[in-house]
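*Asks:* The following block contains the structure, expressed as structure tokens.
Residue numbers (mature numbering (1 follows the signal peptide of the UniProt record, and there is no 0)): -30 to -1, 1 to 499.
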């Protein structure tokens, strides 16, 4: 059984005893909470949770002193609620605890992609095998650099096949490629891209937050070059594994519809494109990532002067791995955390989960990953196991958490050597490079809050850290389930965090239209903390 070379971590255990809380619908009275700390805005927080626009919803709000772990506010903290993407706080903290740095200055785990030689299927031939371990950030330039290293190793001709090894995270066709409880809508979006051992991302675009959108292609539809000529469609990265059926025509208006054919994965572009219209750019998941990677790497080998005489094939079972002839390493996990959390990225979270399973047990499945996550969270001080976790990202509606447990993670994670990088990776309020770029800008939470948002239909949440007016750092988890007005629920969540950062400064009383916003003091120069 493989174990990470640094072994298991045993961080300071933080046990906070709280009463079991009765599940109550909003409006029926708050569940009892631990006594608030000095100056804590209990009444203001409760007033916001009782916003009439949340009628019928369920809420949990837990706030703790991040330094001591003391519970300052607990409403519904032991209720079992769907977390949405806030679950990534728990998954990423667990993986960082196990695979992150073990001493100050160390960077921690790196994902490996490598090329090995193996006995060919035909007698006397040698295959070239590409295998990976789930790096969710590999791009075309990475595979081109890897191909150059193969050539630098003296390999100019491959007598056998180019084999794409698909088995590190289970079979290419395993249900493990997708999460339990993911919907059809998820599978058609970048968030629901398949999770595979070898991946390929479009080059990050600064205009899209610099994100690595794993196992997707960037599809660009442009108006004809002149006059009424037909529109064009291009994909990046381009390969025969991702066919495009362009049906859009030139018209006086622009209205394009892009979908993925569920039968063969063809990207269908329909609709109209007006002459001179701005390009339409969208991202779509790749149906067969390993074949896509293989086509791109085959081209890279050819360009590097390496000739493959055999075929390109994807094989789940490739035996006899010798030492690699070339490899590529990802950025360290302390850097990769930003790609996972700054814009909460579901395929990255799933890759982290499976990688933890692989490093802990030699089996990169969801089940093994979840086992390792549970053990790591216990070490971090989670006083009760997550009631039900079925994926790493929170994209599944089948996950259930306790808000109190998420704050256990926030408090316990502070003891690890990877904590500074992990905390810095959390989206910062009102910072332009993250998921909270347009949130929490109008009040004291701006510049002092870092948190992961969660949003699914009927679900809103925010989990992270903020600093109150007295300089005390707070760990908080706010979860809402069963909401009918998504925008209103998001406003309430933000108003709660703004109130926490204000340290008791009560915002304007909610009116019929919403909880209201404090006067704008002006945005700070940048995110802090």
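From the three backbone atoms N, C-alpha and C, an ideal C-beta is built for every residue, glycine too.
Just grab the DSSP bridge partners of residue 102 for me.
*Replies:* 83
*Asks:* Could you tell me the distance, in whole angstroms, from the CA atom of residue 405 to the CA atom of residue 396?
*Replies:* 9 Å
*Asks:* With DSSP run on the structure shown, which of helix, strand or coil describes residue 10?
*Replies:* coil
*Asks:* Within a Cβ cutoff of 6 Å, which residues of the same chain sit near residue 277, ignoring the five residues on either side of it in sequence?
*Replies:* 127
*Asks:* Residue range of the beta strand (DSSP E) that residue 43 falls in?
*Replies:* 41 to 45
*Asks:* For the structure I just gave you, are there three or more beta carbon pairs, one from the region 291 to 298 and one from the region 151 to 165, closer than 8 Å?
*Replies:* no
*Asks:* For residue 435, which three-state DSSP category applies?
*Replies:* strand
*Asks:* Pick helix, strand or coil for residue 62, following the three-state DSSP scheme.
*Replies:* For residue 62, the secondary structure class from DSSP, reduced to helix, strand or coil, is helix.
*Asks:* May I have the straight-line CA-CA distance separating residue 571 from residue 204, to the nearest angstrom?
*Replies:* Absent from the structure is residue 571, since the part of the chain shown begins at -30 and ends at 499.
*Asks:* Got a sec, what are the start and stop residues for the beta strand (DSSP E) residue 192 sits in?
*Replies:* 186 to 192
*Asks:* Less than 9 Å between the C-beta atoms of residue 372 and residue 357, yes or no?
*Replies:* yes
*Asks:* Let me confirm a value: residue 378 is counted as buried when at least 16 other C-beta atoms fall within 10 Å, else exposed. Which label applies?
*Replies:* By the 10 Å Cβ count, residue 378 comes out buried.
*Asks:* Could you give the DSSP three-state label for residue 200: helix, strand or coil?
*Replies:* DSSP, reduced to helix, strand and coil, places residue 200 outside both helices and strands of the structure shown, so it counts as coil.
*Asks:* Between the beta-carbon of residue 282 and the beta-carbon of residue 268, is there less than 9 Å?
*Replies:* Between residue 282 and residue 268, the gap from beta carbon to beta carbon is short of 9 Å.
*Asks:* On the DSSP bridge list, what partners appear for residue 371?
*Replies:* Note: residue 371 is bridge-paired with 51 in the DSSP secondary-structure output.
*Asks:* Straight-line CA distance for residue 381 to residue 33?
*Replies:* 11 Å
*Asks:* In three-state terms, what does DSSP make of residue 522?
*Replies:* Coverage of the chain is limited to positions -30 through 499, which leaves residue 522 absent and any answer about it impossible.
*Asks:* Run the CB neighbour count on residue 38, radius 10 Å, all protein chains shown included, and call it buried at 16 or more, exposed below.
*Replies:* By the neighbour-count rule (16 or more Cβ atoms within 10 Å), residue 38 is not buried but exposed.
*Asks:* Residue 454 and residue 26: beta carbons closer than 9 Å?
*Replies:* yes
*Asks:* Please find out if some non-hydrogen atom of the ligand FAD comes closer than 8 Å to the beta-carbon of residue 365.
*Replies:* With respect to the ligand FAD, the structure shown offers nothing to examine, as it has no ligands at all.
*Asks:* With DSSP as the reference, identify every bridge partner of residue 342, one or two as the case may be.
*Replies:* Looking at the DSSP assignment, residue 342 forms no beta bridge with any residue, so it has no partner.
*Asks:* Could you tell me the boundaries of the beta strand (DSSP E) in which residue 134 lies?
*Replies:* 132 to 135
*Asks:* Hey, is the region 242 to 260 in contact with the region 184 to 192, meaning 3+ C-beta pairs nearer than 8 Å?
*Replies:* yes
*Asks:* When the Cα atoms are used, what is the spatial distance from residue 210 to residue 45?
*Replies:* 54 Å
*Asks:* Exposed or buried, what is residue 113 when buried is set at 16 or more other beta-carbons lying within 10 Å of its beta-carbon?
*Replies:* Looking at its Cβ environment, which holds 16 or more other Cβ atoms inside 10 Å, residue 113 is buried.
*Asks:* Measuring CB atoms only, is the region 238 to 254 touching the region 210 to 228, in the sense that at least three cross pairs come out at less than 8 Å?
*Replies:* yes
*Asks:* Starting from residue 470, trace the alpha helix (DSSP H) in both directions and tell me its first and last residue.
*Replies:* 456 to 472
*Asks:* Out of 436, 393, 359 and 422, which has the shortest C-alpha to C-alpha gap to residue 150?
*Replies:* 359
*Asks:* Would you kindly report the start and end of the unbroken alpha helix (DSSP H) that includes residue 393?
*Replies:* According to the DSSP assignment, residue 393 belongs to the alpha helix (DSSP H) that extends over 389 to 395.
*Asks:* Check whether the region 102 to 119 and the region 307 to 325 are in contact - that is, three or more C-beta pairs closer than 8 Å.
*Replies:* Contact holds: three or more Cβ-Cβ distances are below 8 Å.
*Asks:* Buried or exposed: where does residue 299 fall if 16 or more other Cβ atoms within 10 Å of its Cβ makes it buried?
*Replies:* exposed
*Asks:* Run through DSSP, which three-state label would residue 501 get?
*Replies:* This structure leaves residue 501 out entirely; the chain is present only between -30 and 499.
*Asks:* On the CB-based measure, 16 or more other CB atoms within 10 Å of its CB, does residue 94 come out buried or exposed?
*Replies:* exposed
*Asks:* Are the beta-carbon atoms belonging to residue 191 and residue 201 less than 9 Å from one another?
*Replies:* yes
*Asks:* Indicate whether at least one CB of chain D lies closer than 9 Å to the CB of residue 50.
*Replies:* Although the question refers to chain D, the structure presented lacks it and comprises just one protein chain.
*Asks:* Taking the continuous alpha helix (DSSP H) assigned at residue 322, which residues delimit it?
*Replies:* 316 to 331
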